[in-house]
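Student: Shown below is the structure under consideration.
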Amino acid sequence: MSFDPVQVMKGQDPVTSSPAANGESKGSWDDSKELYENMGTTTKPKSPKPENAVTIAVSSRVLFRTEKEQKVFEQKGVEEYLRYQVEHENEPFAPGPAFAFVKALESVNTRLRELYPESEELFDIVLVTYNHATVGIRLINTINHHNLFIERFCMTGGSSPIGYLKAWHTDLYLSADEEKVQEALAEGIAAATMFMPEKLTEVSETQLRVAFDGDAVLFSDESERIFKAHGLDKFFEHEREHENTLLDHGPLKGFLEALGKLQKKFYAKGHRLDCPIRTYLVTARSAASSGIRALKTLRAWGLEMDEALFLAGAPKGPMLEKIRPHIYFDDQMFHVEGAAEMGTIAAHVPYGIAQKHQHKKSNKTAK
Ligand SMILES: [Mg+2]
6 MSFDPVQVMK GQDPVTSSPA ANGESKGSWD DSKELYENMG TTTKPKSPKP ENAVTIAVSS
66 RVLFRTEKEQ KVFEQKGVEE YLRYQVEHEN EPFAPGPAFA FVKALESVNT RLRELYPESE
126 ELFDIVLVTY NHATVGIRLI NTINHHNLFI ERFCMTGGSS PIGYLKAWHT DLYLSADEEK
186 VQEALAEGIA AATMFMPEKL TEVSETQLRV AFDGDAVLFS DESERIFKAH GLDKFFEHER
246 EHENTLLDHG PLKGFLEALG KLQKKFYAKG HRLDCPIRTY LVTARSAASS GIRALKTLRA
306 WGLEMDEALF LAGAPKGPML EKIRPHIYFD DQMFHVEGAA EMGTIAAHVP YGIAQKHQHK
366 KSNKTAK
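Start counting at 1 in the sequence shown, then tack on 5, and there's your number in the numbering used here.
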């Protein structure tokens with residue numbers, strides 16, 4: 006998949022171009038508005054209640070590409086930025102790093118609605134943005150242009166979205182802002198930072214694939230601490246000794262649980278082998294020694310992983326390139342960047358001991 010933001014900005018995206026989106030005619034906004042309003046009453050499915058749904062909050066900067074606008078904001082200030090957004094409100098943003106993930110969530114929802122027409126156990130997507138409400142028009146235009154079903158908007162006008170995330174019962178928060186992600190994690194909300202990769206591998210449109218690192222992502226960083234303090238041999242020894250002691254939970258455990266809950270709904274209707282949600286554990290642990298503790302912990306939690314890859318320290322990039330996940334979570338920037346270089350959509354979970362010993366390939370997110 007390759008996106009040319011310039012083409013899309015000109016409204017000439019060959020795949021998704023539509024008259025309502027090219028920004029040339031005065032009527033395009035009216036068309037979009039009419040379409041959006043009609044969708045609310047006719048073709049658009051009802052949104053589930055937040056307490057029943059698996060709520061995914063995404064920021065506009067990871068759902069769409071907004072680098073150009075970001076530059077205007079940084080170089081010319083907020084007034085110039087708002088003027089720019091209003092002037093360009095009929096030009097849709099191009100897809101960003103979380104776009105394919107959100108599309109896949111929607112296709113899972115379509116399948117769930119077919120199997121369980123009355124159920125509210127679905128993914129629900131909330132667009133969270135620090136933007137002022139005036140930018141909302143461009144965001145709604147963009148959502149309509151790309152045929153996304155996002156009804157919930159949270160436009161905070163510059164203030165922190167963390168309180169809203171709790172109110173929405175958020176199961177996962179994806180943002181470009183590492184500080185906000187850390188704030189969310191500190192509140193016990195699963196969260197990760199996303200970046201725009203150089204290249205994007207094509208991903209499945211019918212099966213949602215989510216890949217997780219183990220330590221300091223699904224599990225706590227207790228074993229990672231042993232490794233950092235005493236090295237690999239001590240780590241293996243420690244893990245063997247504690248093979249039957251469960252690992253404590255990490256920041257993304259709840260999200261895996263939520264995925265598992267939806268997977269079971271497909272299994273119950275005979276769709277285990279062709280389940281539209283597939284999960285992967287991609288860990289640097291090695292199978293024979295330290296892997297068993299990870300698997301025993303997952304089993305004790307009642308969580309199934311469709312595939313588990315124990316790489317024993319080998320690079321994760323090539324494996325992830327084969328899996329082609331819609332998102333891969335890791336606590337170490339080194340792995341996130343290694344995966345992203347090979348085209349994987351990787352997200353950083355800034356949690357645990359690894360944040361103190363960042364081993365980075367670049368200083369893009371240095372702090
Ligand atoms: Mg880790």
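Every residue, glycine too, gets a C-beta built ideally from N, C-alpha and C.
Could you tell me the distance, in whole angstroms, from the CA atom of Lys266 to the CA atom of Ile297?
Tutor: Roughly 24 Å between the two C-alpha positions.
Student: Does the beta-carbon distance from Phe106 to Leu132 come in below 7 Å?
Tutor: Contact flag unset, no.
Student: Can you tell me the Cα-Cα spacing of Pro320 and Tyr89, whole angstroms?
Tutor: Computed Cα separation, rounded: 43 Å.
Student: If you reduce the DSSP assignment to three classes, tell me which class Glu342 lands in.
Tutor: Here Glu342 sits in helix by DSSP.
Student: Please state the DSSP three-state secondary structure of Thr250.
Tutor: If DSSP states are grouped into helix, strand and coil, Thr250 belongs with coil.
Student: Which runs of the beta strand (DSSP E) fall wholly inside the segment 143 to 170 and span at least 3 residues, in chain order?
Tutor: Qualifying beta strand (DSSP E) stretches, in chain order: 157 to 160.
Student: Just to confirm before moving on: does the CB-CB distance between Gly357 and Asp336 stay below 7 Å?
Tutor: A contact, by the Cβ cut-off of 7 Å.
Student: For Arg66 versus Ala195, is the C-beta spacing smaller than 7 Å?
Tutor: Contact: no.
Student: Taking DSSP's pairing of strands, which residues face Met199 in a bridge?
Tutor: For Met199, which the question treats as bridged, DSSP gives the partners Ala352.
Student: Indicate whether the contact test is met: 3 or more Cβ pairs, each with one atom in the segment 168 to 176 and one in the segment 140 to 155, closer than 8 Å.
Tutor: Touching, no.
Student: Answer with buried or exposed for Val354, where buried requires no fewer than 16 other C-beta atoms within 10 angstroms of its C-beta.
Tutor: The residue in question, Val354, is buried, as its Cβ has 16 or more Cβ neighbours within 10 Å.
Student: Among Ala103, Gln212, Phe240 and Asp220, which has the Cα closest to the Cα of Leu153?
Tutor: The residue with the shortest Cα to Cα distance from Leu153 is Ala103.
Student: Compute every distance between the C-beta of Asp220 and the non-hydrogen atoms of ligand 1, then say whether any falls below 6 Å.
Tutor: True, at least one ligand heavy atom lies under 6 Å from that Cβ.
Student: For Ala26, count neighbouring C-beta atoms within 10 Å of its own C-beta (all shown protein chains included) and say buried if the count is 16 or more, exposed if not.
Tutor: Low per-residue confidence applies at Ala26: pLDDT is 37, beneath 50, and the placement is therefore not dependable, though the value from the model is reported in the following sentence. Ala26 should be labelled buried.
Student: When you compare each of Leu314, Pro202 and Met310 to Ala289 by their alpha carbons, which one comes out closest?
Tutor: The shortest C-alpha separation from Ala289 is found at Leu314.
Student: Look at the Cβ atom of Ile332, then the Cβ atom of Ala345, and state whether they are nearer than 7 Å.
Tutor: Cβ distance not < 7 Å, so Ile332 and Ala345 don't count as in contact.
Student: Quick one: what does DSSP say Ala172 is sitting in, helix, strand or coil?
Tutor: In this structure, Ala172 counts as helix in the three-state DSSP scheme.
Student: Tell me which same chain residues have a C-beta within less than 6 Å of the C-beta of Lys204, skipping the five on either side of it?
Tutor: Gly348.
Student: Can you tell me whether His150 is buried or exposed? The criterion is at least 16 other CB atoms within 10 Å of its CB, across all chains shown.
Tutor: With 16 or more Cβ atoms within 10 Å of its Cβ, His150 is classed as buried.
Student: At what residues does the beta strand (DSSP E) containing Glu183 begin and finish?
Tutor: Run containing Glu183: none in the beta strand (DSSP E); it sits in the alpha helix (DSSP H), Glu183 to Ala191.
Student: Which value, in whole angstroms, describes the spacing of the CA atoms of Thr60 and Ser225?
Tutor: So the two alpha carbons sit approximately 23 Å from each other.
Student: Using the Cα positions of Glu79 and Gly255, report the straight-line distance between them to the nearest angstrom.
Tutor: Their Cα atoms are separated by approximately 35 Å.
Student: Could you give the residue range of the alpha helix (DSSP H) that holds Glu119?
Tutor: Per DSSP, Glu119 belongs to the alpha helix (DSSP H) from Phe104 to Leu120.
Student: Which class does Thr139 belong to by DSSP, given the choice of helix, strand or coil?
Tutor: Note: Thr139 maps to helix in three-state DSSP.
Student: State buried or exposed for Arg283, treating a residue as buried only when at least 16 other CB atoms are found within 10 Å of its CB.
Tutor: With 16 or more Cβ atoms within 10 Å of its Cβ, Arg283 is classed as buried.
Student: In three-state terms, what does DSSP make of Phe217?
Tutor: Looking at Phe217 - three-state DSSP - the assignment turns out to be strand.
Student: Assign Phe240 to one of three DSSP states: helix, strand, or coil.
Tutor: Correct three-state label for Phe240: helix.
Student: Are the Cβ atoms of Val341 and Leu213 separated by less than 7 Å?
Tutor: Cβ distance not < 7 Å, so Val341 and Leu213 don't count as in contact.
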